[in-house]
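S.K.: Line by line, the protein sequences are chains X, P and B.
Residue 1 is where the first sequence starts when you use the working numbering, and the numbers rise one by one after that.
Residue 1 is where the second sequence starts when you use the working numbering, and the numbers rise one by one after that.
Residue 1 is where the third sequence starts when you use the working numbering, and the numbers rise one by one after that.
In this text, a Cβ means the ideal position worked out from N, Cα and C, and glycines have one as well.
Predicted, not measured: the structure shown is a model, and the values here were computed from it.
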Amino acid sequence: MTQIDPEQIKVILATDCGSTTTKAILIEYVDGEYRQTQRGEAPTTVERPFADVTMGVVNSVTEIGELAGRRLVGDDGRIISPATDTEGCDIYISTSSAGGGLQMMVAGVIAEMTAASAKRAALGAGSIVMDVIAANDGRRPHDQIQRIRDLRPDMILISGGTDGGTTDKVVQIAELVAPAKPQPRFGSDYEMPIIYAGNKEAREAISDVFDEGGFDLQIVDNLRPVLERENLSPARDKIHDIFLEHVMAQAPGYDKLMGWTGAPIMPTPGAVGDILQTVARLQGINVVGVDIGGATTDVFSVFNETFNRTVSANLGMSYSISNVCAEATMPNVLRWVPFDMDERELRNHVKNKMIRPTTIPQTKEALMFEQAVAREALRLAYKQHKEFATTLKGVQQQRTVGDTFSQQTGGMTIVDNMKLDLLVASGGVLSHAPRMHQTAMLLIDAFEPEGVTALAKDSIFMMPHLGVLASVHPKAAEQVFDRDCLVYLGTCVCAKGTPKPSKPCFKYQLSGDCNESGEIAGGDLKLIEMAPDARATIVITPARGIDLGEGPGKKIEKEVRGGTVGLILDGRGRPLALPEERAACQKTVQGWLDALDVYAEEKEPAAV
Amino acid sequence: MRYAVGLLLALAVAWTNSSRAATISLAPPTDVTSEDVPNDIGTQVLVEWTASVDDHDVPEGEPRALLGYSIYRKVAQTGDGLESIGEAATNASEIGFPANFDFQDVEPIGSVSYGRTQFVDENVEAGTTYQYAVAATGLPDAFSPLALATELVTPEMEYFNIGKLWFLIIMLTISLVIIAFVWYAKRGGEIKVRPIAGLEAVTEAVGRATEMGKPVLFVPGILDINDIQTVAGITVLANVAKTAAQYDAQLKVPTARSLVMTTARETVEAAYLGEGRPDAYNEDNIYYLTDEQFGYTAGVQGVMVREEPAACFYMGAFYAESLILAETANSIGAIQIAGTAMPSQLPFFVAACDYTLIGEEFFAASAYLSHDPEQLGSLKGQDVGKIIAAALLVVGCVLATLAVTTNWRGAKIAQIYISDNILGDEGLVPNADKVAEIDAELETQAQQPHGGGGDS
Amino acid sequence: MAKAYTPGLLVTQHKKHRCMRRLPIAGEVKVAKGDHVTADDVVAETALPGDVNPINLSNQLSLPPKDVIGCMLKKEGDPIAKDEPIAQTKGIFGMMKNTIKSRFEGTVETVSPVTGQVIIRGAPLPVQVRAYMGGTVVSVREHEGCEIEADVAYVQGIFGVGGETHGKIVLACDSHEQELTPDRITEDMQGMVIIGGARMTVAAIKRAQSVGAAAIISGGIDDQDLKQLLGYDLGVAITGRENLGITVIVTEGFGEIAMAERTFKMLRGHDGHETSVNGATQIRAGVMRPEIIIPLASVPTDQADHRFEEGQLEIGRTLRVIRDPWFGMIGEVTGLPTEPHVLGSGSKARVLEVKFPSGETAIVPRANVELIEE
């Protein structure tokens, strides 16, 4: 690929080939800044009868071309590059999650240590981790082998041992993988790629184990050279390389597409992670992003420049809706619904949604129920994320005698809602909710942000495109991210602590584009409308024991931004507690929904 | 002090008596009674009398005529003549003390100095009937006639010590609480135990050793298996061994006592078997070094320096070697987890180790690790006991302070009730005398309006 | 855009059906192109490599791993029986030798000088692939499998549990609206495919299980009944590997719902015929629905003329509403407004107008209907 000079890039074309639709966007340099100008959509054409992904790409790009009045596809059916004044683009980039994305199996010695690091590397690269094999995963060797045999991953990542650490345990893991002879997902015409990123002293022994054939062993630097430090990028880069060389090359039409792009094709979730990291780094903020789909929910977080991603495989809104209800339990789902529902009927509804995943809620009640399920799915996914996004385990602790009674273990979560600055939502149930207020309420209820947090949603799922763009032109990516990708819902100010009901929780005073002051009582929610481009300074004086970021009872002053919803003041306390008793719970939840005007007065029912 | 001097004098009198003839010159004590001391196992009798008329203060410099009282005891003969107290009183000779009682030849069973009017005989046998007599003694070899007790006494064993009823109540309460918690835990109830970082970190430490390809070192203290700390250490060893078996890490246990080695071997082998890894167990890794404290320490240090274990556990009783071991292991970069109930060694462990189990935490380890309902329930029950004790302590302190600083009768009575009844042996009912004393004191203060300042 | 693609479940009197029979790993295909097979015929077989059992000899012999090879009594590739000596230490002057016996039966696969681990592989596990559906072998892929084709009547269910099986169709209900209860199941239904009407109860399924029926098919099932049957709450609709001894298929969905009348009539028309059923369901990209395949002895000549294009919404087509508030109701398309409509939930969606047999009409999002394929 040729070296790209960011200064020369004025027209950027990006596509994301999803499993059902291919989305294309056009970014142009207008009046001194990069803006997303047009978008187009077409069905993805990976599967039969088309079996050529470029058809969908060309279709979506043609649509943009028509809208923009710019010829983007040449007579040869290729994308025109570089750009002239009226046609073509300076760079074309793409991501892909077609055909189920990138699926991997990872292995390490200890599940919480090298195996966890390997999982982090794989997830960070945008893959789905099908299973984690570790010496201490509680399975007998023949069960592990059986499992490896059953899975058909795209590639396998093996780690284990610090540099100079254990050799035999790593070799043992390899000795499980080799006889199992796992088959790659796409046919048997290529060798199973194995990435070894473990103890460097075991490299030779590992090569011996895999030299029998049927494997394509690639060796990279140890991803955990010492237990105190992770070095994930060599493994991540190698995953991307193999993804292109092997996995993508197997999918119909991708070889052609790869020739068109000006930057390597990335797995969609990997690109989303990249853009969030870029934005967090450039703006110096902590970000959490969530993408809730039909089958899975992805959570991304960047705290103090440490990136983590988790995929909750069975938490989703259609294929996995029944699993969400089973895991969260019905009473937990129903606590968000402010009216009575027949539980048996509801369970059947849930199962019917599971087997007919494309249906949409027609009535307000059905919508409220679905959003209740979404709250629980998001809550569980975030919980899993918190458990995974931890400091490293197996690290020595420094102590003084003063720590005698406050000893803490390693592996504490690095996710701190108080330090969170921006929460970004994407995925059908969040970005296509009829009212933005619903999206905001869902985010607040499920993630329980603390202190001052900006809420946004990804308008048209543009994050993957920008992720790839970030690798060639970070500035353009950030500008478009802020101006066009995100739709700011507003800011929420949430009190941490247990405020007494109806007693003062905090006082606030706004100045700037919005001038208002008042008091929020415990258990109350208040919405102050603020236009999307409005900015205001808020001074908050919390009651005793209530924390808004500076410690319990301490006054804070911060700038807040408006949004399509506005400024939300939340005095319900954290952790969020709902009354146990059903009737009281319904009343409380109804109160909250009314306060934020979440379900606006319904129009005439659609039914005749 | 005053009494002690008197007692010595009386003993001196008794000794000198043997060489001289006794003179009956003093007035006898009167109203001698003897009664069984309640709430004992029948080995005590309380003898009381009214002081002799000669037992009075004398001006400075003059000798005392009466120096003390001697107490005599006879085993009352069984038979017809002994049944009636009246007879006994009228005719002393018939019930064991002859009229011509020889003060020179008969040793008293005890004596007290002047001013005292009671004596507890602690050398009696339950079920035997005794007759007591008291005589006043003075110098030189002066005695009073024997004053006989009006009643015979037969000490008896009581099954219940009513005075310690509060102990029974507290013990039953704690036992019931323990039983209730055990029952609750067995029925699947959740008993929350505060997470103990040191025990949570076992998997982390063993995991580190596995990743680094280094052994795990476990030091079970330097005392023998009869020490409770060693036993607690072995309990933790079982868990460490279980984790080591799961992770397939090498576990080394050098011991300072042969019996500890045997126990440790059994424990570790059972743990490996339990994890289905009997093939991974190597008995040679659990070995005996020496009984010598510093020989052992040097040996363990050698293992540390040569094999560089990535995780070190110190669980048991430690003395001076604690810091030597912990600092050596720290220098080789090992995760260290210590647990001991030795207060003097705890600061060293806390400063040098990653995690330290302190006293109670260490003993709670087995319940914590096993999640066995019986152990958890008992742990919780004991906690309730500790809460009761702590509560009594706090309430006692507050009441004692109030009793001293105010004239609140309730506080004063409650204070003596806690110290004498709950913690002492007065039984359930407060001592009427002491209550009367308090009342009297309060009354005196009430009569002196400016004295106590507490009568507002 | 008067047309829109809306997928429906296939229920057809006749189609040419092909099914691929594939081995999990390379093996031997036992049939040739053109062969006629019945459902029970083995078309391919292979042997899966046996279980792998590691023994850590280094620990058992108390030897460093690299010395283990020198003590081996068996070489790589040698067969070994249970309790047969596998390794022996050299001992001191030929005395005090320590012998280790194998705890497993199989073949010594590898001896690792790094870990001191010996891997013993158990006997291969034979795997047979049966034809599942009677028909003609139309293609053979060497070492992989073959494809079988037949003229069949075909019903796609919405959801099922349990894998492939076959048997003769037997009707337990008289109408498509009749609930399938245990009293409708008789002992002589052993090995048969039981057809019910509306909802089947868990008691009925258990009864069918106990009489040894091959499969049980009905309109609906209650969520709680399914949970009771499986022993767990199904979270994701990926099934087919349950070991119930019976395959269960629902044709319409969860709850009190009657089997589509046409489906019921068609199945009744094949009463007593041999049929192949598979409950395996996979609702993900690349959706897989349970199927009922009835091979036909003769191809029906009177092909129903296709009035409508497959999968296209047109006025006059019959469809089923698949989401509340009209869940399960069947009606006819009477209008296809082009403009998106604001629903009761507040969201905008493309809708259609449907008329139910009762004469009632309703506006329903297009996403919430399913065409009934003729």
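What is the DSSP secondary structure of Arg543(P), reduced to helix, strand or coil?
M.R.: This structure leaves residue 543(P) out entirely; chain P is present only between 1 and 456.
S.K.: Go ahead and label Trp183(P) buried or exposed: buried means 16 or more other beta carbons lie within 10 angstroms of its beta carbon, across all protein chains shown.
M.R.: Taking the first residue of the second sequence as position 1, residue 183(P) is located at position 183. The residue is exposed, with fewer than 16 neighbouring Cβ atoms inside 10 Å.
S.K.: Return the chain-ordered list of same chain residues with a C-beta closer than 7 Å to the C-beta of Ser244(P), the five sequence neighbours on each side being excluded.
M.R.: As a first step, residue 244(P) is located in the second sequence; it is residue number 244 there, counting from the start. The residue you asked about is not Ser; residue 244(P) is Ala in the sequence shown. Same-chain partners within the cutoff: Val206, Val216, Leu251.
S.K.: Mind pulling the chain X residues with CB within less than 7 Å of Val52(B)?
M.R.: Residue 52(B) sits at position 52 when you count from the first residue of the third sequence. Here the neighbours are Pro141, His142, Ile145, Pro179.
S.K.: If you measure from the CB of Ile321(X), is any heavy atom of the ligand PLP nearer than 7 Å?
M.R.: This structure lacks the ligand PLP; in fact it carries no ligand of any kind.
S.K.: Step through the CB atoms of chain B and report whether any lies within less than 8 Å of the CB of Asn332(X).
M.R.: On the first sequence, position 332 is the one that residue 332(X) refers to. For Asn332(X), the answer is no, since every Cβ of chain B falls outside 8 Å of its Cβ.
S.K.: Strictly below 7 Å CB to CB, what residues from chain P border Gln60(B)?
M.R.: In the third sequence, counting from the first residue as 1, residue 60(B) sits at position 60. The answer, in chain order, is Asp279.
S.K.: Relative to the C-alpha of His371(P), which candidate in Ile41(P), Met171(P), Thr235(P), Ala27(P) has its C-alpha closest?
M.R.: The residue given as residue 371(P) occupies position 371 in the second sequence. Nearest of Ile41(P), Met171(P), Thr235(P), Ala27(P) to His371(P), Cα basis: Thr235(P).
S.K.: So that I know if they touch, is there some Cβ in chain B lying closer than 8 Å to that of Lys383(X)?
M.R.: Along the first sequence, one-based indexing puts residue 383(X) at 383. No, because no Cβ of chain B sits closer than 8 Å to the Cβ of Lys383(X).
S.K.: Can you tell me which of Thr128(P), Asn100(P), Ser366(P), Val303(P) puts its alpha carbon nearest to the alpha carbon of Val231(P)?
M.R.: Numbered from its first residue, the second sequence carries residue 231(P) at position 231. Ranking the options by Cα distance to Val231(P), first place goes to Ser366(P).
S.K.: Less than 7 Å between C-beta atoms, sequence neighbours within five positions excluded: which residues of the same chain meet that for Tyr368(P)?
M.R.: Counted from its first residue, the second sequence places residue 368(P) at position 368. Taken in chain order, the residues that qualify are Val193, Ile196, Leu199.
S.K.: With distance defined between alpha-carbon atoms, name the residue in Leu168(P), Thr150(P), Asp102(P) nearest to Asp141(P).
M.R.: Taking the first residue of the second sequence as position 1, residue 141(P) is located at position 141. Answer by Cα proximity: Asp102(P).
S.K.: Give a yes or no on whether 8 Å exceeds the smallest Cβ distance from Val109(X) to chain P.
M.R.: The residue you call residue 109(X) lines up with position 109 of the first sequence. Yes, Val109(X) counts as interfacial toward chain P.
S.K.: Can you tell which of Met412(X), Asp31(X), Glu28(X), Val560(X) has its C-alpha closest to the C-alpha of Glu387(X)?
M.R.: Position 387 of the first sequence, counting from 1, holds the residue named residue 387(X). Closest by alpha carbon: Met412(X).
S.K.: To be precise: take each residue of the stretch 221–238 of chain X, compare its Cβ to all Cβ atoms of chain P, and keep it if any distance is under 8 Å. Which residues remain?
M.R.: Under the 8 Å Cβ criterion, the stretch 221–238 of chain X contributes Arg224, Leu227.
S.K.: Is the CB-CB distance between Tyr132(P) and Val47(P) below 8 Å?
M.R.: For the purposes of this step, residue 132(P) is identified with residue 132 of the second sequence, where counting begins at 1. For the purposes of this step, residue 47(P) is identified with residue 47 of the second sequence, where counting begins at 1. For Tyr132(P) and Val47(P), yes; Cβs fall inside 8 Å.
S.K.: Under 7 Å Cβ to Cβ from Asp570(X), same chain only, skipping five residues before and after it: list those, please.
M.R.: For the purposes of this step, residue 570(X) is identified with residue 570 of the first sequence, where counting begins at 1. The answer, listed in chain order, is Ile444, Cys492, Val493, Cys494, Ala495, Leu525.
S.K.: Got a sec: which bits of the stretch 225–246 of chain B sit with their beta carbon under 7 Å from any beta carbon on chain X, in order along the chain?
M.R.: Going along the stretch 225–246 of chain B in chain order, one finds Asp233, Leu234, Gly235, Val236, Ala237 with a Cβ nearer than 7 Å to chain X.
S.K.: Could you name the residues that DSSP lists as bridge partners for Gln509(X)?
M.R.: As a first step, residue 509(X) is located in the first sequence; it is residue number 509 there, counting from the start. Paired residues: Ser517(X), Val539(X).
S.K.: Which of the three DSSP states, helix, strand or coil, is assigned to Ser233(X)?
M.R.: What you label residue 233(X) is simply residue 233 of the first sequence in a count that begins at 1. It is helical.
S.K.: Give me the Cα-Cα distance between Val404(P) and Val398(P), rounded to the nearest whole angstrom.
M.R.: In the second sequence, counting from the first residue as 1, residue 404(P) sits at position 404. In the second sequence, counting from the first residue as 1, residue 398(P) sits at position 398. Each residue's Cα considered, the two are about 10 Å apart.
S.K.: Any C-beta of chain B within less than 7 Å: which residues of the stretch 165–176 of chain X qualify?
M.R.: Hits within the stretch, in order: Thr167, Asp168, Val171, Gln172, Glu175.
S.K.: Does the distance from the CB of Arg379(X) to the CB of Ala446(X) come in under 8 Å?
M.R.: Start at 1 with the first residue of the first sequence, and residue 379(X) comes out as number 379. Start at 1 with the first residue of the first sequence, and residue 446(X) comes out as number 446. A contact, by the Cβ cut-off of 8 Å.
S.K.: Alpha carbon to alpha carbon, what distance is there between Arg130(B) and His341(B)?
M.R.: Taking the first residue of the third sequence as 1, we reach residue 341(B) at position 341. Taking the first residue of the third sequence as 1, we reach residue 130(B) at position 130. C-alpha separation (whole angstroms): 51 Å.
S.K.: Helix or strand or just coil, what does DSSP make of Arg120(X)?
M.R.: As a first step, residue 120(X) must be located in the first sequence, where it is residue number 120. It is helical.
S.K.: Ordered along the chain, which non-local residues of its own chain (more than five positions away) have a Cβ less than 7 Å from that of Gln103(X)?
M.R.: Here residue 103(X) refers to the residue found at position 103 when the first sequence is read from its first residue. Ser127, Ile128, Met130, Pro153, Asp154, Arg185, listed in sequence order.
S.K.: Measure from the C-beta of Asn56(B) to each C-beta in chain P and report whether the shortest distance is under 8 Å.
M.R.: To locate residue 56(B), count along the third sequence from 1; it is residue 56. Interface residue, yes.
S.K.: Contact check, Ser97(X) vs Ser19(X) under 8 Å by CB: the rounded distance?
M.R.: Within the first sequence, numbered from 1, the residue matching residue 97(X) stands at position 97. Within the first sequence, numbered from 1, the residue matching residue 19(X) stands at position 19. 6 Å between Cβ atoms; contact.
S.K.: So, under 8 Å CB-CB, Arg207(B) and Gly220(B) are touching, yes? Tell me the CB distance rounded to an integer number of Å.
M.R.: Position 207 of the third sequence, counting from 1, holds the residue named residue 207(B). Position 220 of the third sequence, counting from 1, holds the residue named residue 220(B). About 18 Å; that fails the 8 Å criterion.
S.K.: Could you check what DSSP says for His432(X) in three-state terms: helix, strand or coil?
M.R.: Residue numbering aside, residue 432(X) sits at position 432 when the first sequence is read from its first letter. Of the three classes helix, strand and coil, the one that applies to His432(X) here is coil, per DSSP.
S.K.: Note the first and the last residue of the continuous alpha helix (DSSP H) segment covering Glu448(X).
M.R.: Looking up residue 448(X) in the first sequence gives position 448. Here Glu448(X) belongs to no alpha helix (DSSP H), and DSSP marks it neither H nor E.
S.K.: Cα-Cα, which of Thr390(X), Ala178(X), Leu223(X), Glu201(X) is closest to Phe210(X)?
M.R.: Residue 210(X) sits at position 210 when you count from the first residue of the first sequence. Nearest option by C-alpha distance: Ala178(X).
S.K.: For chain P, find out if any of its Cβ atoms is closer than 8 Å to the Cβ of Ala377(X); answer yes or no.
M.R.: Start at 1 with the first residue of the first sequence, and residue 377(X) comes out as number 377. Chain P contact via Cβ: absent.
S.K.: Is Asp284(P) close to chain B, meaning its C-beta is less than 8 Å from at least one C-beta of that chain?
M.R.: Translated into positions along the second sequence, residue 284(P) becomes position 284. Asp284(P) counts as touching chain B.
S.K.: If Phe506(X) sits next to Thr541(X), beta carbons under 8 Å apart, how far is it from one beta carbon to the other, in whole angstroms?
M.R.: On the first sequence, residue 506(X) is found 506 positions in, with the first residue counted as 1. On the first sequence, residue 541(X) is found 541 positions in, with the first residue counted as 1. Sure, about 6 Å apart at Cβ, within 8 Å.
S.K.: Going by beta carbon distance, what residues of the same chain come within less than 7 Å of His473(X), once the five residues before and after it are set aside?
M.R.: On the first sequence, residue 473(X) is found 473 positions in, with the first residue counted as 1. Excluding residues within five positions, the ones whose Cβ falls inside 7 Å are Pro6, Ile9.
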